[in-house]
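>
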Amino acid sequence: MKKSRELNQNQINSDYEWLLMQNLSKYSGEWIAVLERRIVARDISLKKTMDKVKSLGLKTMPLFLRVPEGSITT
1 MKKSRELNQN QINSDYEWLL MQNLSKYSGE WIAVLERRIV ARDISLKKTM
51 DKVKSLGLKT MPLFLRVPEG SITT
């Protein structure tokens, strides 16, 4: 992985904390990619989500996670 695309732990922590405060119910069952406190891509398929991120040409790799299906509360 190129140095410019390495995961930045501080950014990951910030994005994760932001995610904890969001209502993710509309993403239920989907993979999401989060960068700089915003969702930059989403899809049911992880591969498609990663392909969408790749097409964006981001300098930093986002945080990927699958939103569980069903009721989500904060």
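Per the numbering used here, residue 1 is the first one in the sequence shown, and the count goes up by one each step. A virtual CB, placed ideally from N, CA and C, is assigned to each residue, including glycine. For clarity, every value in this text was computed on a predicted model and none was experimentally measured.
In this structure, how does DSSP classify Leu35 when only helix, strand and coil are distinguished?
Note: Leu35 maps to strand in three-state DSSP.
> With a threshold of 8 Å on Cβ separation, who are the neighbours of Leu46 within its own chain once the five nearest residues in sequence on each side are excluded?
Result list for Leu46: Trp31, Phe64 and Arg66, in chain order.
> Can you tell me whether Pro62 is buried or exposed? The criterion is at least 16 other CB atoms within 10 Å of its CB, across all chains shown.
It is buried - the Cβ of Pro62 has at least 16 other Cβ atoms within 10 Å.
> Tell whether a beta-carbon distance below 8 Å holds between Arg42 and Trp18.
Cβ atoms of Arg42 and Trp18: not closer than 8 Å.
> In its own chain, which residues sit with a C-beta less than 7 Å from the C-beta of Asn8, not counting the 5 before and 5 after it?
The residues are Thr60.
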